[in-house]
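S.K.: Chains as they are written, first to last, in this note's numbering: chain R, 638 to 722; chain L, 5 to 408. Every residue gets a Cβ at the ideal spot worked out from N, C-alpha and C, and that includes glycine.
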């Protein structure tokens, strides 16, 4: 089959190193991720409200999504507050 | 049935049946988080699944064996238990994801929480399998699944830069969020290379009594059908990149995803998203429930077939009944369908070598395939993608779990 010619080890090693390097569990990294999540839900709420105004999404859907955004924002802000303590 | 009609139906099945909870969720999340950058993962998955589907069809046409049947015969019951358990477990989680997808579509349409829809959806899936035959299940779901082409319309309406999408077919390294990037990559590959697709296809070829004259049809259906299906997944990723990535929106919940079509297509976009999600997941749920039953029944040599009456294949019927019931219960508990879907896809990638390596051994055995054994290119492509996806999954899944 010619499979013995394939040598995936160097690629596997690079990917593993990259993953380990990229996983970044530091406080700064966590704070950056939380900030990103906060911005994401704020943008979701803005887009939902804009599309509701255009009549592109039903009222019930917009209500549920805005509610979800509010919950997620609250959770994210609590996590950020705990992180900064 | 004429071969041209077979090809046409096969292509419809490939396009309409490709998108389901897994490919929709992973493509939308990847597009939102990394723009077009992960298009290559869809392409890699499509190449791999096209090869695997072709192999499943070829095995059925030449040897008249389904995959589990041939595996049990070739490797013995004890060895066969390993891929059997692995595929059944992963398929069960994917089945629950699909039921969750339909339930979420119903939540979007009615406002009633998805948990309450789970028993209704599970019952509807079970009733359709109980009452109808294989052909109706497969072709009906795929025909309706053509509604998912709306994602292509949406991506075009958003003026997606096709040159950038094309350039992303070449893999590139992430600038940040390495763990998330690779986790998303393996989830996309897992969603594309779901074992249920080629197991189900192989069982279908046996039910339709394919012979060697179908080898050409099989190549066209598997190659073109999967490629066209892959385009729909790329369209989802591109749409998510245009709508979400440009606004800094990450997809953390299913509720966000309809915005992807509502933005370019307005109210109809929302309605067609709900229809796409519901139909695609419902079709996939039917196929996966059947595939679990096929796998167990064929593996243990029980009587099986969707075209025979349930009481004539009682154990086969019992297997899909139990699978649907348990999957419905899992969604009813309120588990997050998006998280379940993404992790099911990553686990699928993790389990790929277990399902793929025995298949490759079988596909190189002249006792089953005669002169139609695998070409080395097919062996190398499938083995490389499966093993790499598994290795990345081994590293990325724990990192993602720790991160979240």
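1. I need the straight-line Cα distance from residue 429 (chain L) to residue 374 (chain L), nearest angstrom please.
2. Can you give me the start and stop residues for the alpha helix (DSSP H) that residue 677 (chain R) sits inside?
3. Between L:41, L:326 and L:30, which lies nearest to residue 168 (chain L) when the distance is taken from Cα to Cα?
4. If you reduce the DSSP assignment to three classes, tell me which class residue 376 (chain L) lands in.
5. Compute the Euclidean distance between the alpha carbons of residue 380 (chain L) and residue 387 (chain L), then round it to the nearest angstrom.
6. If residue 150 (chain L) and residue 324 (chain L) are in contact, beta carbons under 8 angstroms, what's the gap, nearest whole angstrom?
7. Is residue 680 (chain R) close to chain L, meaning its C-beta is less than 7 angstroms from at least one C-beta of that chain?
8. With 16 as the cutoff for other CB atoms within 10 Å, does residue 8 (chain L) come out buried or exposed?
9. Is any beta-carbon of chain R found at less than 7 angstroms from that of residue 251 (chain L)?
10. Quick one, are the C-beta atoms of residue 713 (chain R) and residue 675 (chain R) less than 7 angstroms apart?
11. Can you tell me whether residue 167 (chain L) is helix, strand or coil according to DSSP?
12. Please state whether the Cβ-Cβ distance between residue 355 (chain L) and residue 90 (chain L) is less than 7 angstroms.
13. Roughly how many whole angstroms lie between the Cα atoms of residue 699 (chain R) and residue 156 (chain L)?
14. Any beta carbon from chain L within less than 7 angstroms of residue 702 (chain R)'s own beta carbon?
15. What does a CB cutoff of less than 7 angstroms around residue 263 (chain L) pick up in its chain, not counting 5 residues either side in sequence?
16. Measuring straight from C-alpha to C-alpha, what distance separates residue 131 (chain L) and residue 320 (chain L)?
17. Take residue 313 (chain L) as the anchor and find which of L:273, L:65, L:135 and L:108 has the nearest alpha-carbon.
18. Measuring only the C-alpha atoms, how far is residue 642 (chain R) from residue 54 (chain L)?
19. According to DSSP, is residue 271 (chain L) helix, strand or coil?
20. Within the same chain, show all residues whose beta-carbon is closer than 8 angstroms to that of residue 174 (chain L), passing over the 5 residues directly before and after it, in chain order.
21. Tell me whether the segment 68 to 75 of chain L and the segment 200 to 207 of chain L touch, counting them as touching only if at least three CB pairs, one residue from each stretch, are closer than 8 angstroms.
22. In whole angstroms, what is the alpha-carbon distance linking residue 280 (chain L) and residue 403 (chain L)?
23. Taking 7 angstroms as the CB-CB cut-off, is residue 699 (chain R) touching chain L?
24. Could you give the DSSP three-state label for residue 175 (chain L): helix, strand or coil?
25. Could you work out which residue in L:371, L:399, L:397 and L:390 is closest to residue 74 (chain L) when comparing CA atoms only?
26. Less than 6 angstroms between C-beta atoms, sequence neighbours within five positions excluded: which residues of the same chain meet that for residue 273 (chain L)?
27. At what residue ranges does the segment 211 to 250 of chain L contain a whole run of the alpha helix (DSSP H), taking only runs of 4 or more?
28. If contacts are defined as beta-carbon pairs under 8 angstroms, then residue 396 (chain L) and residue 186 (chain L) qualify, I think. What distance do you get, rounded to the angstrom?
29. Report the three-state DSSP secondary structure of residue 162 (chain L) (helix, strand or coil).
30. If you measure from the beta carbon of residue 690 (chain R) to each beta carbon in chain L, is any gap under 7 angstroms?
31. When we look at the beta-carbon of residue 81 (chain L) and count the other beta-carbons within 10 Å, is it buried (16 or more) or exposed?
32. Can you check whether the CB of residue 349 (chain L) is closer than 7 angstroms to the CB of residue 59 (chain L)?
33. What's the C-alpha gap between residue 47 (chain L) and residue 219 (chain L)?
34. Taking buried to mean at least 16 other C-beta atoms within 10 Å of its own C-beta, is residue 318 (chain L) buried or exposed?
35. Can you check which of these residues, L:268, L:283, L:125 and L:260, is closest to residue 144 (chain L) by C-alpha distance?
36. Taking 7 angstroms as the CB-CB cut-off, is residue 676 (chain R) touching chain L?
M.R.: Straight from the coordinates:
1. With chain L running from 5 to 408 in the structure shown, residue 429 (chain L) is simply not present.
2. For residue 677 (chain R), the enclosing alpha helix (DSSP H) covers residues 664 to 690.
3. L:41
4. helix
5. 10 angstroms
6. Actually they are not in contact, since the Cβ atoms of residue 150 (chain L) and residue 324 (chain L) sit about 25 angstroms apart, beyond 8 angstroms.
7. yes
8. exposed
9. yes
10. yes
11. Here residue 167 (chain L) sits in helix by DSSP.
12. yes
13. 24 angstroms
14. yes
15. 247
16. C-alpha separation (whole angstroms): 15 angstroms.
17. L:135
18. At residue 642 (chain R) the pLDDT is 41, less than 50, meaning the model places this residue with poor confidence; the figure from the coordinates comes in the next sentence. Distance between the alpha carbons of residue 642 (chain R) and residue 54 (chain L): 23 angstroms.
19. helix
20. Taken in chain order, the residues that qualify are 44.
21. yes
22. Approximately 32 angstroms, taken between the alpha carbons.
23. no
24. coil
25. L:371
26. 265 and 266
27. 219 to 224 and 230 to 247
28. 5 angstroms
29. coil
30. no
31. Residue 81 (chain L) comes out exposed.
32. no
33. 24 angstroms
34. exposed
35. L:283
36. yes
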